[in-house]
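Sequences listed follow chains X and G, in order. Number 315 in this note's numbering belongs to position 314 of the first sequence; there are no gaps in the numbering. Number 164 in this note's numbering belongs to position 163 of the second sequence; there are no gaps in the numbering.
There are 2 protein chains.
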Amino acid sequence: MELTVSELGERGVLARVIAQLGAASAAVVGPGDDCAVLRSAGDTVVTSDTMIEGPDFRAAWHSGFELGWKLAATNLSDVAAMGARPTGLTVSLAVPRDTPVRLLEEIAGGLDAACRELAPGCGVVGGDLGTAPVIVAAVTALGELAGRDPVTRSGASAGDTVAYAGQLGLAGLGLSLLFERAAEADGTAHDRTLDVLKAEFGAAIEAQLAPTPPIGLGVAAAEAGATAMMDVSDSLSIDAARLARASGVAVALSSDALVAGFGRQGGVEVPLAAMLTGGEDHGLLATFPPGAALPPGFVEIGRVEDGPADGAEFLVDGAPSEPRGWDPYEVRWPGE
Amino acid sequence: MELTVSELGERGVLARVIAQLGAASAAVVGPGDDCAVLRSAGDTVVTSDTMIEGPDFRAAWHSGFELGWKLAATNLSDVAAMGARPTGLTVSLAVPRDTPVRLLEEIAGGLDAACRELAPGCGVVGGDLGTAPVIVAAVTALGELAGRDPVTRSGASAGDTVAYAGQLGLAGLGLSLLFERAAEADGTAHDRTLDVLKAEFGAAIEAQLAPTPPIGLGVAAAEAGATAMMDVSDSLSIDAARLARASGVAVALSSDALVAGFGRQGGVEVPLAAMLTGGEDHGLLATFPPGAALPPGFVEIGRVEDGPADGAEFLVDGAPSEPRGWDPYEVRWPGE
């Protein structure tokens, strides 16, 4: 029998969790006081996102390390999308009382590793622990702009180049594969076929369970003059339409450019539909002034156009296209 | 039948929630982008806290407005406890799919009202929405130090005056009253006697459901030279022992001073035991150099002593006392 969080108690669990965490370079005061204190250059960007066992992830598929990694990566990508450098995370973890302490240590280890690899200098600076009927992980990420203006969703102009950096459609493909081949008929996740799936579709499964968004490219895009930027979490079509709406323009993508740039990723064939409607890759969708040199890592995928003329904010190959992807309230709980 | 969040969908719910929120004065970019952007003076303090239906609150007792108010107040008090001025909150709300949209609007209204009343200029700047089997609310609060050093838990020295500002024991008393008189024999909360309880013990019930910590006194304490400070969330005895341990000293309280200062609050008699072991008042426990003038609102309740000589970090009337209060992992869920 493994030691559970209720057997060890809050103080003991906290000590074990904190032992997994490296220091954030901007932290004047780290975990353990009422607040962490961060020294940062320029304005502070802040974003929050919660992952809940059930709608947002299934414990049977994610190791604790992967879950922690994904928590960090998905929030860091929002910081990057403003053109900012991540400085610190806070993490609130609520778990059932019989949860092994080891799982929380692994989650903390994954959070720390993702910070170190994706956003060196950033680290977990605070948070809290509690109980819940399922695993609830709420993360807030902070970043610094170092004197630059933030890159918002609303700055795109007609004529701008539309570009994307990161994986695209791979995470959504991974989720489809997991539901098709690592779940019971009623949708309940299991891990019996996980090894086989990983062997055959490693990049897609990995993109879903522990994505590696190009965090450093956020600052690079800002320095290259990006006019608008966002991270793609719900789907490229939904998020491109959001950027278009916020900017009062239309975003027109080229399927040829998408297929050429993202048709094969990590040895996995990615269909165009997955690129347009799959979510959770957390890559960066950005617009650049006409003729601007794109930072290495960005792939040109379309053009910003005047609009929306006939109400279409999002076009593929010149034709209006219906954005499709993820609505959290469409998720059903067992028994609902 | 009321409109539910799943009927309205994420975008519609978000618009309704955002309509409840006033702007934060430090917000360069408010809700609606990947991150909010805050302009702040000096170092940034950050704290996160999650409230989950069941262990942290019961929906039968709190109105949505009170719940939102409490969410803001409990996080603002952590910012105040560092000697900082609150600048912004992010809020992640996950609720069951059949939750009325109205409840989320009320929560947003309570968050906004608490910011306006307790920390003018602060406001909700971002967050996210999702689904969960119970109501899960994760809040992060940010604040600015305006060039001052943070006041941590670890700066108290022997000879310092121990002082407290805010309500004390009242919220814990309110919780006891609610469990005694507004719950079934098995502990399930009901609202049938809530009006009667509020009529008889208004201040205690209100302190539990929608506390009003003295947020502005955090900066006042820092400016008056506070050597250590924290907000009292778990209980005065537990948190005083934490401050003592962090500072390598002992905190010695006077029961006479406590009873004189806090024996009667808002027309409610508060026993010494409630002051020492009741949690959730979120008042400020601070230490000041010997002879320093306390900012109005702080009441002297004891002295910092060398220690811990015999292992006792916390003393009442000169005798070692066992800290008692709240451990989140001690909460049992139905069926556990």
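Think of the CB as a built atom: it goes at the ideal place given N, C-alpha and C, for glycine as much as any other residue. Please read all numbers here as calculations on a predicted model, not as lab measurements.
Does the separation of the CB atoms of residue i and residue j fall below 8 angstroms?
i                : j                : result
Arg325 (chain G) : Thr278 (chain G) : yes
Ala37 (chain X)  : Ala24 (chain X)  : no
Glu118 (chain X) : Arg17 (chain X)  : no
Gly144 (chain X) : Ser93 (chain X)  : no
Leu285 (chain X) : Leu273 (chain X) : no
Gly203 (chain X) : Glu281 (chain X) : no
Asp406 (chain X) : Thr153 (chain G) : Nothing in the structure corresponds to residue 406 (chain X), since chain X is present only between 2 and 337.
Val233 (chain G) : Thr141 (chain G) : no
Gly175 (chain X) : Ala208 (chain X) : yes
Thr75 (chain X)  : Val126 (chain X) : no
Leu171 (chain G) : Gly312 (chain G) : no
Gly65 (chain G)  : Ile19 (chain G)  : no
Gly89 (chain G)  : Leu39 (chain G)  : yes
Glu67 (chain X)  : Ala211 (chain X) : yes
Quick check on DSSP: helix, strand or coil for residue i?
i                : result
Ser49 (chain X)  : strand
Ile302 (chain X) : strand
Asp232 (chain X) : strand
Gly262 (chain G) : helix
Ser158 (chain X) : coil
Val30 (chain G)  : strand
Leu22 (chain G)  : coil
Leu363 (chain G) : This structure does not reach residue 363 (chain G), given that chain G is present from 2 up to 337, and the question cannot be answered.
Val250 (chain G) : coil
Glu323 (chain G) : coil
Thr100 (chain X) : coil
Val197 (chain X) : helix
Ala293 (chain X) : coil
Leu286 (chain X) : strand
Val152 (chain X) : coil
Ala208 (chain X) : helix
Leu169 (chain X) : coil
Val80 (chain G)  : helix
Ser93 (chain X)  : strand
Val317 (chain G) : strand
Asp44 (chain G)  : coil
Val220 (chain G) : helix
Asp187 (chain X) : coil
Asp129 (chain X) : strand
Glu54 (chain G)  : strand
Kindly list, in the order they appear in chain X, the residues whose Cβ is closer than 8 angstroms to that of residue i.
i               : result
Ser49 (chain G) : Thr91, Val92, Ser93, Gly127, Gly128, Asp129, Ala139 and Thr141
Asp57 (chain G) : Gly131
Taking the beta carbon of residue i as the centre, do at least 16 other beta carbons fall within 10 Å, making it buried, or is it exposed?
i                : result
Glu270 (chain G) : exposed
Val197 (chain G) : exposed
Arg12 (chain G)  : exposed
Gly336 (chain G) : Below a pLDDT of 50, predicted positions are generally treated as unreliable, and Gly336 (chain G), at 37, falls in that range; no measurement from the model is reported.
Met2 (chain G)   : exposed
Ser26 (chain X)  : exposed
Phe180 (chain G) : exposed
Glu323 (chain G) : exposed
Leu77 (chain G)  : buried
Gly55 (chain X)  : buried
Ala95 (chain G)  : buried
Pro297 (chain X) : exposed
Gly10 (chain X)  : exposed
Arg98 (chain X)  : buried
Ala294 (chain G) : exposed
Listing by chain order, which chain X residues have their CB less than 7 angstroms from the CB of residue i?
i               : result
Asp35 (chain G) : Thr48, Asp79, Ala82, Met83, Met231 and Asp232
Starting from residue i, find everything on chain G with Cβ-Cβ shorter than 7 angstroms and list it in chain order.
i                : result
Thr153 (chain X) : Val30 and Asp34
Leu39 (chain X)  : Asp44, Thr45 and Val47
Below 9 angstroms on C-beta distance, what does residue i contact in chain G?
i                : result
Thr213 (chain X) : The premise fails here: Thr213 (chain X) is roughly 18 angstroms from chain G at the closest Cβ pair, so nothing lies under 9 angstroms.
Listing by chain order, which chain G residues have their CB less than 8 angstroms from the CB of residue i?
i                : result
Ile302 (chain X) : Chain G residues near Ile302 (chain X): none, gap ~19 angstroms exceeds 8 angstroms.
Pro134 (chain X) : Gly55, Pro134, Val135 and Trp334
Cβ pair count under 8 angstroms reaching 3, the stretch 155-170 of chain X against the stretch 82-93 of chain G
no
Using a Cβ distance threshold of 8 angstroms, determine whether the stretch 102-117 of chain X contacts the stretch 174-186 of chain X, with at least three qualifying pairs required.
no
Pair every Cβ in the stretch 43-56 of chain G with every Cβ in the stretch 135-142 of chain X, then say whether three or more of these pairs are closer than 8 angstroms.
yes
At least 3 beta-carbon pairs within less than 8 angstroms: the stretch 290-303 of chain G vs the stretch 247-257 of chain G
yes
Quick check: the stretch 142-156 of chain X against the stretch 224-243 of chain X, are at least 3 beta-carbon pairs closer than 8 angstroms?
yes
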